[in-house]
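*Asks:* If you scroll down you'll find the structure; I have some questions about it.
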Amino acid sequence: MSGTDASRSKAVDPVRNAAVLARESSEFDRGLSFYDVIYGFAITLLVTNIDAPSPEAWQDPRALLESGVVHQLAGFALSFAVIAVFWRINLRLIKRLSALDSATTTANLLAAAFVILIPFTTQGVSDPETTLLELTTVLYAANIILASLAQLLMFEIARRHGLEIDPMTPKHHAAFVLDFLVPPLVFAVSIPIALVAGGTAGKITWAALIVLGPVSGILATRVQQSTTGP
78 MSGTDASRSK
88 AVDPVRNAAV
98 LARESSEFDR
108 GLSFYDVIYG
118 FAITLLVTNI
128 DAPSPEAWQD
138 PRALLESGVV
148 HQLAGFALSF
158 AVIAVFWRIN
168 LRLIKRLSAL
178 DSATTTANLL
188 AAAFVILIPF
198 TTQGVSDPET
208 TLLELTTVLY
218 AANIILASLA
228 QLLMFEIARR
238 HGLEIDPMTP
248 KHHAAFVLDF
258 LVPPLVFAVS
268 IPIALVAGGT
278 AGKITWAALI
288 VLGPVSGILA
298 TRVQQSTTGP
């Protein structure tokens, strides 16, 4: 039996266990829908960080800018994009799995918990009175790091339990992990920068993902193509 066949056979055995949600089951679909609701709810909560400007602020563009609503809208846009990316990553990871067992479900719930916290830490980085503080930037970065690592933990547990539909080669897996770790590493680097140079400098560090994210994704795709063949 080949390595791939052996891995797939291991993925079948746990499915017979009542504690495992098989992909073709209604329980699996319900579980996936549950996570979709969590991510959607987290995005919806972001709007609570936007305070309605006073009636006077609406009468003049300069007054509207000075009301602080622009900072809040920027924080909303940032975290909307972040949570949307987390949702897409979670969906992409689960699509690679034949089932969800209790360990992967627990890890996925942990990731969801950190995602739900994002509206809270967004309040700190988007409020005009706290956005420049180092601690708000550090807490937001730590929130993103923990959510990212929890998602990776979920997938690595699933791989160890033989739940991958199409198991990665060691080389492909290494490239996948490195690509996955780029965002949390960038946010991790922003923490000491924020503590030394201030919250704004820490936030500017996040912009590195505009370049590093696509580059690491392209490299990971090339490694995958080179290991799977034509």
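In short: position in the sequence shown from 1, add 77, done, that's the working numbering.
Idealized CB from N, CA, C, for every residue including glycine.
Please read these numbers as outputs of a predicted model, since none were measured by experiment.
For residue 248, count neighbouring Cβ atoms within 10 angstroms of its own Cβ and tell me buried if that reaches 16, exposed if not.
*Replies:* As a first step, residue 248 is located in the sequence shown; it is residue number 171 there, counting from the start. Exposed, because fewer than 16 other Cβ atoms sit within 10 Å of the Cβ of residue 248.
*Asks:* For a test of the three-state rule: what should DSSP assign to residue 240, helix, strand or coil?
*Replies:* Along the sequence shown, one-based indexing puts residue 240 at 163. Note: residue 240 maps to coil in three-state DSSP.
*Asks:* Pull up the distance between the alpha-carbon of residue 162 and that of residue 224, whole angstroms please.
*Replies:* As a working mapping, residue 162 is identified with position 85 in the sequence shown. As a working mapping, residue 224 is identified with position 147 in the sequence shown. Roughly 11 Å between the two C-alpha positions.
*Asks:* Beta carbon of residue 227, beta carbon of residue 191: below 7 Å?
*Replies:* Taking the first residue of the sequence shown as 1, we reach residue 227 at position 150. Taking the first residue of the sequence shown as 1, we reach residue 191 at position 114. Contact: yes.
*Asks:* Which class does residue 285 belong to by DSSP, given the choice of helix, strand or coil?
*Replies:* One-based indexing of the sequence shown puts residue 285 at position 208. If DSSP states are grouped into helix, strand and coil, residue 285 belongs with coil.
*Asks:* If I measure Cβ to Cβ from residue 301 and keep anything under 6 Å in the same chain, skipping five residues before and after, which residues do I get?
*Replies:* To locate residue 301, count along the sequence shown from 1; it is residue 224. Only 249 meet the Cβ criterion.
*Asks:* Quick test of your reading: residue 130 and residue 146, contact by CB under 8 Å. State the CB separation rounded to the nearest angstrom.
*Replies:* For this step, residue 130 is matched to residue 53 along the sequence shown. For this step, residue 146 is matched to residue 69 along the sequence shown. 5 Å between Cβ atoms; contact.
*Asks:* Less than 7 Å between the beta carbons of residue 119 and residue 171, yes or no?
*Replies:* Here residue 119 refers to the residue found at position 42 when the sequence shown is read from its first residue. Here residue 171 refers to the residue found at position 94 when the sequence shown is read from its first residue. Contact: no.
*Asks:* Can you tell me whether residue 125 is buried or exposed, with buried defined as 16 or more other CB within 10 angstroms of its CB?
*Replies:* For the purposes of this step, residue 125 is taken as residue 48 along the sequence shown, with counting starting at 1. Exposed, because fewer than 16 other Cβ atoms sit within 10 Å of the Cβ of residue 125.
*Asks:* With residue 263 and residue 296 assumed to form a contact (beta carbons below 8 Å), what rounded beta-carbon distance in angstroms separates them?
*Replies:* For the purposes of this step, residue 263 is taken as the residue at position 186 of the sequence shown. For the purposes of this step, residue 296 is taken as the residue at position 219 of the sequence shown. Not confirmed; about 16 Å, so no contact.
*Asks:* Check the DSSP bridge columns for residue 99 and list the partner residues they point to.
*Replies:* Counting from 1 along the sequence shown, the entry for residue 99 is found at position 22. DSSP output for residue 99 lists 176 as bridge partner(s).
*Asks:* Restricting to Cα atoms, I'd like to know which of 273, 267, 298 is closest to residue 285.
*Replies:* For the purposes of this step, residue 285 is identified with residue 208 of the sequence shown, where counting begins at 1. Of the listed residues, the one whose Cα sits closest to residue 285 is 267.
*Asks:* Whole-angstrom Cβ separation of residue 213 and residue 207, contact assumed at under 8 Å?
*Replies:* The residue given as residue 213 occupies position 136 in the sequence shown. The residue given as residue 207 occupies position 130 in the sequence shown. Contact flag correct, Cβ pair sits at about 5 Å.
*Asks:* Nearest-angstrom Cα distance between residue 287 and residue 271?
*Replies:* Within the sequence shown, the letter at position 210 stands for residue 287. Within the sequence shown, the letter at position 194 stands for residue 271. The straight-line gap from Cα to Cα measures roughly 19 Å.
*Asks:* Would residue 241 and residue 299 be called neighbours here (beta carbons separated by less than 7 Å)?
*Replies:* What you label residue 241 is simply residue 164 of the sequence shown in a count that begins at 1. What you label residue 299 is simply residue 222 of the sequence shown in a count that begins at 1. No, they are not a contact pair.
*Asks:* Is residue 269 buried or exposed, if buried means 16 or more other CB atoms sit within 10 Å of its CB?
*Replies:* As a working mapping, residue 269 is identified with position 192 in the sequence shown. Residue 269 comes out exposed.
*Asks:* Could you tell me how far apart the beta carbons of residue 182 and residue 279 are, in whole angstroms, since I believe they sit closer than 8 Å?
*Replies:* Working through the sequence shown from its first residue, we reach residue 182 at position 105. Working through the sequence shown from its first residue, we reach residue 279 at position 202. Not really, about 34 Å apart at Cβ, beyond 8 Å.
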